[in-house]
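All remarks here apply to the structure that follows.
Protein chains: 2
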Amino acid sequence: MADAPVWSDHVQAVLARAGLKRGGARQRVIELLAREPCALSAVEIEDALRAEGKPTGRASIYRVLDLLVDHGLVERVAVGPGQARFERMHPSGEHHHHLVCDQCGRLVAFDDPALEQAIGDLSERLGVRVEHHDVVLRGACERCE
Amino acid sequence: MADAPVWSDHVQAVLARAGLKRGGARQRVIELLAREPCALSAVEIEDALRAEGKPTGRASIYRVLDLLVDHGLVERVAVGPGQARFERMHPSGEHHHHLVCDQCGRLVAFDDPALEQAIGDLSERLGVRVEHHDVVLRGACERCE
DNA sequence: CCACAAATGAGACTGAGTCTCGGAGTTATT
DNA sequence: AATAACTCCGAGACTCAGTCTCATTTGTGG
């Protein structure tokens, strides 16, 4: 987690540059995401903040998440229908994807250059502009196999 | 759509082999999916059946879709949070993925051997068993660029 | 310190999806 | 064809993630 402080500084910088003010709810959400490594749902964020004694309005949480997604600071990961998950995104564009274990529900992160390459080539072949891509694998993680 | 009748026959065969009975709601949903090529949402299915004068209970539609997904006859595609989409799946395992256009919302289907290859390699490298994978691209389709 | 814009939160609302349970339909057996 | 033993179906209540509204609070440039 050595990069977490860097990420939150980056977030503050981007938001300040956009002329936005600072508010309590936003700070709390950013702080939590900086601390947690991977794919929290909005409900988990709400619960975690309440558990820390910093209850925060649902509307604010969704607002902050939308804001961060719009500024490319957080990525929305659709691991399944019914609940979106969010995780911080690095300015470098470096990112990873997920495998959802059908047995234990665990989320395993991975990255793969060949996969990124294939997706990059695709945008040219199809004549479209690809802004963003989601890859979710489903199966059994090494612990459950 | 020359393969649609083949698909619905295949569905009937698989379900019969599983010792299931035939019922009206199930027939209607299968018939509709056989006719429609790509990624319908449950709500669209409900509306389409009602528009054809064959209103069908919501619970039945979800039941049938779950059943078909369980038997590998239909694929659940998560194009975004808040609404799952379903499309028929061929026994050969041949399938495609989707690009969602951020401007017009259109769904563009594509397939790509390099992508499949990369995902196939991945399961070995990670030491997991990948049963299923979802790839969703987001961007601008050639019409909106 | 003040004014004003931005941020917040309580809670009503929406809409996809689930659950329940009584009744209808299907099939095997005779 | 009648019966019995199933499975299947549908109306509608319910759940729950996410959205919207609007009155109030808070941060900040001047």
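Here the protein sequences come in this chain order: H and S. Read in order, the letters of the first sequence correspond to residues 3 to 147 in the working numbering. Read in order, the letters of the second sequence correspond to residues 3 to 147 in the working numbering. Glycine is no exception: its CB is placed at the ideal position from the N, C-alpha and C atoms.
Could you tell me which residues DSSP pairs with H/H98 in its beta bridges?
Bridge partners of H/H98: none, in fact.
Nearest CA to the CA of H/C103: which residue from H/R52, H/C143, H/I47, H/I121?
Relative to the Cα of H/C103, the nearest Cα in the group H/R52, H/C143, H/I47, H/I121 belongs to H/C143.
So, do the region 119-138 of chain S and the region 79-94 of chain S have three or more beta carbon pairs nearer to each other than 8 Å?
They touch, by the three-pair rule.
Name the residue from H/G129, H/A15, H/V110, H/L34 whose alpha carbon lies nearest to the alpha carbon of H/R145.
The option with the nearest alpha carbon to H/R145 is H/V110.
Would H/A120 pass as a contact of S/A41 if the rule is Cβ separation under 7 Å?
Not a contact, by the Cβ cut-off of 7 Å.
Please list, in chain order, the chain H residues whose beta carbon lies closer than 8 Å to that of S/V8.
Against S/V8, chain H offers no close residue; the least beta-carbon distance is about 26 Å (beta-carbon pairs closer than 8 Å).
Which bits of chain H does S/F112 rub up against, with CB to CB less than 8 Å?
Here the neighbours are L124, L128.
Which residues in chain H have a C-beta closer than 9 Å to the C-beta of S/R60? List them in chain order.
None at all; the shortest Cβ gap to chain H is about 16 Å.
Quick one, which residues of the region 79-100 of chain H are near chain S if we go by CB-CB under 7 Å, in chain order?
Listed in sequence order: A80, G82, P83, A86.
Cβ of H/L17 within 7 Å of Cβ of H/R30?
It is not a contact, given that the beta carbons lie outside the stated cut-off.
Do we get a CB-CB distance below 7 Å when we pair H/C40 with the residues of chain S?
Residue-level contact check: H/C40 does not touch chain S, since none of the beta carbons of chain S fall below 7 Å from its beta carbon.
Residues of chain H with CB under 9 Å from S/R140, in chain order?
For S/R140, the neighbours in chain H by C-beta distance under 9 Å run, in chain order, V132, E133, H134, H135, D136.
Is it buried or exposed, S/V13, if we count other Cβ atoms within 10 angstroms and call 16 or more buried?
Counting other Cβ atoms within 10 Å of its Cβ, S/V13 reaches 16 or more and is therefore classed as buried.
Alpha carbon to alpha carbon, how far is H/R90 from H/D49?
H/R90 and H/D49: Cα-Cα distance of roughly 18 Å.
Can you tell which of H/V130, H/H99, H/R131 has its C-alpha closest to the C-alpha of H/E118?
Taking H/E118 as reference, the option from H/V130, H/H99, H/R131 with the minimal CA-CA separation is H/H99.
For H/L117, which residues in chain S fall below 8 Å Cβ to Cβ?
Below the 8 Å Cβ cutoff, chain S contributes L117, A120, I121, L124 as neighbours of H/L117, in chain order.
Interface residues of chain S facing H/E33 [CB-CB closer than 7 Å]
Correct list: empty, because the minimum Cβ distance to chain S is about 24 Å.
Check for me: the alpha helix (DSSP H) holding H/V71 runs from which residue to which?
First-last of the alpha helix (DSSP H) with H/V71: 60-72.
List the whole-angstrom C-beta distance separating S/I63 from S/A44, where the pair is believed to meet the contact cut-off of C-beta under 8 Å.
About 6 Å separates the CB atoms of S/I63 and S/A44; that is less than 8 Å, so the two are in contact.
Where does H/A142 fall in DSSP's three states?
It is a strand residue.
Are the C-beta atoms of S/C106 and some chain H residue less than 7 Å apart?
Among the residues facing chain H, S/C106 is not included, as its CB has no counterpart in that chain under 7 Å away.
Using the beta-carbon of each residue, which ones in chain S are nearer than 9 Å to H/E147?
Chain S residues near H/E147: G129, V130, R131.
At a CB-CB cut-off below 7 Å, which residues of chain H make contact with S/E144?
When 7 Å is used as the limit between beta carbons, S/E144 is near these residues of chain H: G129, V130, in chain order.
CB contact flag (H/V124, S/D114, <7 Å)
The sequence given here places Leu at residue 124 of chain H; Val does not occur at that position. A distance below 7 Å separates the beta carbons of H/L124 and S/D114.
Would you grab the beta carbon distance between S/R131 and H/G141 for me? Rounded to a whole angstrom, and I think it's under 8 Å.
About 5 Å; that satisfies the 8 Å criterion.
So what does DSSP say about S/L51, is it helix, strand or coil?
If DSSP states are grouped into helix, strand and coil, S/L51 belongs with the helices.
Closer than 7 Å by C-beta to H/I47: which residues in its own chain qualify, once you throw out the five before and the five after it? Chain order, please.
So the list reads V31, L34, I63, once near-sequence residues are dropped.
Taking DSSP as the reference, what is the three-state secondary structure of H/R108?
Under the three-state reduction of DSSP, H/R108 is assigned to coil, being neither helix nor strand.
What are the residues that DSSP puts in a beta bridge with S/H92?
For S/H92, which the question treats as bridged, DSSP gives no partner whatsoever.
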